[in-house]
Amino acid sequence: MNWILLIIAGLFEVAFAACLGKAKEAAGIESTYWYIGFVVCLGVSMGLLLKATQQLPIGTAYAVWTGIGAVGTVLIGILIFKEPATFWRLFFISTLIISIVGLKVVSH
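Heads up: the sequence shown runs through residues 556 to 663, numbered per our numbering.
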């Protein structure tokens with residue numbers, strides 16, 4: 556159950572980063588709504604991370620949480636914000652995913 560909470564926390568990390576990107580593109584009240592979304596997603600993400608680290612090793616949990624956030628944010632950047640999907644970006648994102656899976660496999 557703690558791993559599921561950690562994954563959801565990582566997805567909310569992606570969501571708060573996406574909200575920042577959308578807020579940057581928006582103007583006026585729309586921008587304010589995106590910033591509110593950022594704060595809500597940040598709170599949920601941190602709360603779930605806190606809950607997950609009560610049972611999981613902090614080093615592993617934090618690395619997985621930030622890894623999910625990094626991979627997800629790069630994918631959001633490519634898919635939504637039209638950032639370049641170069642070979643090297645995709646290569647290093649792939650190595651990060653392999654590392655996250657590896658940490659899960661070796662954690663007790």
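All residues carry an ideal CB built from backbone N, CA and C; glycine is no exception.
Bear in mind that the values here come from a model prediction, so they are computed numbers and not experimental data.
Below 8 Å on the Cβ atoms is my contact criterion, and I expect residue 604 with residue 573 to pass it. Report the Cβ-Cβ distance as a whole number of Å.
Working through the sequence shown from its first residue, we reach residue 604 at position 49. Working through the sequence shown from its first residue, we reach residue 573 at position 18. Between residue 573 and residue 604 the Cβ distance is about 18 Å, and since that is not below 8 Å, they are no contact.
Helix, strand or coil at residue 635 [DSSP, three-state]
Looking up residue 635 in the sequence shown gives position 80. Reduced to three states, the DSSP call for residue 635 is coil.
Under a CB-based cut-off of 8 Å, is residue 598 close to chain B?
The displayed structure is made up of one protein chain only, and chain B is not part of it.
Looking at the structure shown, is residue 607 part of a helix, part of a strand, or coil, going by DSSP?
Here residue 607 corresponds to residue number 52 of the sequence shown, with the count starting at 1. Helix at residue 607.
Taking all protein chains shown into account, do 16 or more other C-beta atoms lie within 10 angstroms of the C-beta of residue 580, making it buried, or fewer, making it exposed?
Stepping through the sequence shown from its first residue, residue 580 is reached at position 25. Per the 10 Å Cβ criterion, exposed.
According to DSSP, is residue 572 helix, strand or coil?
Translated into the one-based positions of the sequence shown, residue 572 becomes position 17. Helix, per DSSP.
Can you tell me whether residue 623 is buried or exposed, with buried defined as 16 or more other CB within 10 angstroms of its CB?
Against the sequence shown, residue 623 aligns to sequence position 68. With 16 or more other Cβ atoms within 10 Å, it is buried.
Burial state of residue 667 (16 or more Cβ within 10 Å)
Because residue 667 is not part of the residues shown, which for the chain are 556 to 663, the question remains open.
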